[in-house]
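Below is one structure, written out as structure tokens, with a few remarks after it.
Residue numbers (UniProt numbering): 1 to 199.
Set out below in structure tokens:
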């Protein structure tokens with residue numbers, strides 16, 4: 001007996017290349033409304049609904065594999081990293097270090113910077129509920145919890161103070177950047193430049 005073709009009760013326009021989080025959220029509701037649960041079917045719907053241009057982007061991101069060789073979760077992760085990348089923690093902290101309160105300005109100028117959670121009198125003395133971590137243990141949103149505070153402060157100050165903007169951009173792009181890595185890279189770069197001059 002031939003399987004009856006499903007008549008989908010919701011429609012979703014192609015992804016236009018902007019606001020990935022919004023489109024992906026709507027895709028999740030599309031799956032829910034239409035009972036699309038197997039990951040293989042979700043992958044097929046994603047690649048069909050996203051449109052030809054985005055399908056080409058997916059193919060380019062997955063090279064040398066093809067979309068049928070990769071799981072739905074891997075495709076979503078690749079698109080997420082491409083269209084809605086996680087902001088660089090070091091960059092945001094450097095922006096905070098360079099910002100000054102303007103005369104007559106509010107102190108909330110720092111709220112847009114991802115510089116971590118500052119302990120206040122309330123958070124420092126508050127006892128965490130059973131089974132939850134304290135603010136210090138949790139770390140700040142978007143921050144690497146494995147780095148010690150001194151390492152973070154040294155790294156941020158060092159990267160923020162670099163004059164070479166290209167080098168600074170390279171360090172902003174580094175994931176899980178430690179002070180040791182941040183310091184070692186410019187030292188090697190300077191050494192290479194000096195050696196090149198001697199040739």
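Think of the CB as a built atom: it goes at the ideal place given N, C-alpha and C, for glycine as much as any other residue.
These numbers come from a predicted model, not from an experiment.
Check                                                                                                                                                      : Outcome
Buried or exposed for residue 30, please, with buried defined as at least 16 other CB atoms from any protein chain shown within 10 angstroms of its CB.    : buried
From 165, 198 and 197, pick the residue whose C-alpha is nearest to that of residue 186; which is it?                                                      : 165
In terms of residue numbering, what span does the alpha helix (DSSP H) encompassing residue 56 cover?                                                      : 52-62
Using a Cβ distance threshold of 8 Å, determine whether the region 78-94 contacts the region 159-174, with at least three qualifying pairs required.       : yes
Please classify residue 36: does DSSP put it in a helix, a strand, or coil?                                                                                : coil
Just confirm the distance between the C-beta atoms of residue 58 and residue 79, as a whole number of angstroms; I'd bet it's less than 8 Å.               : 7 Å
Would you call the region 147-161 and the region 51-68 touching, i.e. three or more CB-CB distances under 8 Å?                                             : no
Keeping to the same chain, check which residues put their C-beta closer than 7 Å to that of residue 67; ignore five residues upstream and five downstream. : 47, 58, 59 and 75
Under a three-way DSSP split, which group does residue 65 fall into?                                                                                       : coil
Hey, out of 34, 153 and 19, whose CA is closest to residue 11's CA?                                                                                        : 34
Using CA coordinates, which residue listed in 13, 103 and 199 is at the minimum distance from residue 52?                                                  : 13
Tell me which residue opens and which closes the alpha helix (DSSP H) that residue 172 is part of.                                                         : 165-173
Taking just the CA atoms, how far does residue 70 sit from residue 40?                                                                                     : 10 Å
How would you call residue 54, buried or exposed, if buried means at least 16 neighbouring beta carbons within 10 angstroms?                               : buried
Would you tell me roughly how many angstroms separate the C-alpha atoms of residue 23 and residue 177, rounded to the nearest one?                         : 31 Å
When DSSP labels each residue in this structure, what does residue 71 get in the three-state scheme?                                                       : coil
Over the uninterrupted alpha helix (DSSP H) stretch that includes residue 190, give me the two end residues.                                               : 179-198
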